Amino acid sequence: MNQSVYGSYSYLLSTHDLTMKVIVTVVEKITSEAHIDIPDELTQEGIKQEIVDRYNSGQMQTDFNIAQVDFISISAQILITESKESEATV
50 MNQSVYGSYS
60 YLLSTHDLTM
70 KVIVTVVEKI
80 TSEAHIDIPD
90 ELTQEGIKQE
100 IVDRYNSGQM
110 QTDFNIAQVD
120 FISISAQILI
130 TESKESEATV
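According to my numbering, the stretch in the sequence shown is residues 50 to 139, in order.
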C-alpha cells in the first residue's frame, strides 16, 4: 500500500515592525508492507477480496510496517504583516 503524507510546519518570526509567518510543507510517499497469511484455496480474485476485506475491517492496520519513505517535495510560504505595535503608532 502506498500513501502520501503531508506535513505542515508553521514558524512565527518577529522583528520590531514586521511579523513573518513561515509555513513549510513537506510531502513524502510512504510505502508500507503487510505480511499476512492467505488461505491456499483462494483464486486471484479471492485473494484480492480477502486483502480488501481485511483492510476495510481494520484487521490489517496493525500488520503494516513502513518499508520505505521517499522524499517528494518541500516548499515554504512566507507571509509578512506589520506588527500590531507599529500599526498602533502609525
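Cβ atoms here follow ideal geometry from the backbone N, Cα and C, with glycine treated the same way. If you're wondering where the values come from, they're calculated on a predicted model, not measured in any experiment.
- Separation of the CB atoms of Ile85 and Met109 is rounded to 7 Å, and the pair is thereby assigned contact status at 8 Å.
- Boundaries of the alpha helix (DSSP H) around Glu94: Gln93 to Ser106.
- According to the DSSP secondary-structure assignment, Gln126 is paired through a beta bridge with Ile72.
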